[in-house]
Amino acid sequence: MKVLANSKRRILCLLLLVNTNFCLGDTIELKSGRILKGDLSGRRAQFVSIIQKEGQSEIERRLNTNEILGIQFSDSFSRHEAIDRFHSADRYQATSLLEPLVNKRIPYLDLLSEADEQLFIMLLKSYLHTGRGDDCLDQAKLWRLKLRATQTRDSIEELQMTASWTMGHREEAAFYAQRWIDSEKSASESTFAWNVLAEIALEADEPDHALWVALNPIVFSRPNLPRHLSQTYEIAIVAAHKSGHSLYARELLEEMRSREIPWPIDSRRANVIEQLDSIASNDPERFYFRPTSNSVQERSAKTLSKLVGSP
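Numbering (my numbering), first residue to last: 252 to 562.
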């Protein structure tokens, strides 16, 4: 079925190639409502140039970016092909197809549609999954503040955390994670920032702090199931167990199961499950974790909001 769908898409793109409007090239839509078709020829400072044909002549028009509402590019077929390759997990081929599309759009970063901005996210992900983590981080720094859509910027920030963490750059990952939390982003969609800081605390033999950090997105993401939540539970459970709060770790494990959240498939800590399952369910009194120095009562609402993110 996927092959058939891809074939239909390619046929549609081929039909676009012979469509009259498509053949006219790039399109600039002005805020005045006027539409200009031609070939984009570059940008200098605040001015975008487009070459238009008038009879046998070519005229180059220069437009102030303040006049421009949006730009549509004449590479629809290549764009669809690159997106197909990306979603088929053919990341090396996707990278080779995405790079020229992105390079064409770089002069116009502040004028792109959100759909075009997604090409930048796909390229960064392709870099990361093809062993080019340094390229992912370098380009992310250049593009994060220049692209307009909030969702695009958030995706780039999350990729910065993911890439630096994957490459073993713990300090850099911690910087990006703390920046994410300080900006009061919600944990309702992704818990990765909290996971980074909690994991670093766990590695530093600070399980109580790791537990506190990991509990925040667990509590405030309910009833959502954000990305990376299984890793958050794993860290919290291991941290509680290491702190000597095994009954509380058992409760977290039971809660994880009741919410049908699977244990991370790539976890190297699955042995803790067997240890916690061996705890008798009829133990006299369960332990409820109440941190002392990090209690909610001792933290200002502003500090807690920065650590936890918006509910």
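From the three backbone atoms N, C-alpha and C, an ideal C-beta is built for every residue, glycine too.
*Which class does Arg478 belong to by DSSP, given the choice of helix, strand or coil?*
strand
*Give the range of the alpha helix (DSSP H) segment to which Lys355 is assigned.*
Arg342 to Arg356
*If you draw a straight line from the C-alpha of Leu410 to the C-alpha of Leu375, how long is it?*
8 angstroms
*Check whether the Cβ atoms of Ile279 and Ile310 lie closer than 7 angstroms to each other.*
no
_Cα-Cα separation between Thr413 and Ala461, rounded to whole angstroms_ = 19 angstroms
*Specify whether the segment 381 to 399 and the segment 424 to 434 touch according to this definition: at least 3 beta carbon pairs, one from each stretch, less than 8 angstroms apart.*
no
*Might you give, ordered along the chain, the residues of its own chain that have their beta carbon closer than 6 angstroms to the beta carbon of Ser406, omitting 5 neighbours on each side?*
Ile372
*With Gln429 as the anchor, note down where its alpha helix (DSSP H) starts and where it stops.*
Arg421 to Asp433
*Just curious, the beta strand (DSSP E) that Leu314 is in, first and last residue?*
Ser308 to Asn315
*Check whether Tyr378 and Asp386 have beta carbons under 7 angstroms apart*: yes
*Exposed unless 16 or more other CB atoms sit within 10 angstroms - verdict on Arg501*: buried
_Please state the DSSP three-state secondary structure of Gly284._
coil
*Please name the residue, chosen from Trp514, Leu281, Ser439 and Gln526, that lies closest to Glu318 on a Cα-to-Cα basis.*
Leu281
*asked:* Going by DSSP, what residue range makes up the beta strand (DSSP E) through Ser305?
replied: Per the sequence presented here, residue 305 reads as Glu, with Ser not at that position. Residues Phe298 to Glu305.
_Buried versus exposed call for Leu352 [16 or more other C-beta atoms within 10 Å across all chains shown]_ = buried
_Inter-residue CB distance, Ser497 and Leu527 (contact presumed, cutoff 8 angstroms)_ = 7 angstroms
*asked:* Can you tell me where the alpha helix (DSSP H) holding Leu320 begins and where it ends?
replied: It is not in any alpha helix (DSSP H) - Leu320 instead sits in the beta strand (DSSP E) that spans Ile319 to Gln323.
*Got a sec? Which residues, its chain only, sit under 7 angstroms from Leu321 by beta carbon, not counting five neighbours each side?*
For the record, residue 321 in the displayed sequence is Gly; it is not Leu. Excluding sequence neighbours, Gly321 sits near Glu280, Leu362 and Ser364.
_So, under 8 angstroms CB-CB, Arg313 and Leu287 are touching, yes? Tell me the CB distance rounded to an integer number of Å._
About 11 angstroms; that fails the 8 angstroms criterion.
_Proximity below 7 angstroms, CB of Pro513 to CB of Glu485_ = no
*Delimiting residues of the alpha helix (DSSP H) encompassing Gly384*: Gly384 to Trp394
*So what does DSSP say about Ile239, is it helix, strand or coil?*
Not covered by the structure: residue 239. The range shown for the chain is 252 to 562.
*What's the gap between the Cα of Arg473 and the Cα of Glu457?*
26 angstroms
_I'd like to know whether the C-beta atoms of Thr381 and Arg330 end up nearer to each other than 7 angstroms._
no
*asked:* Excluding the 5 residues flanking Ala333 on each side, which residues of the same chain have their C-beta closer than 7 angstroms to its C-beta?
replied: Ala345, Leu348, Leu349 and Leu352
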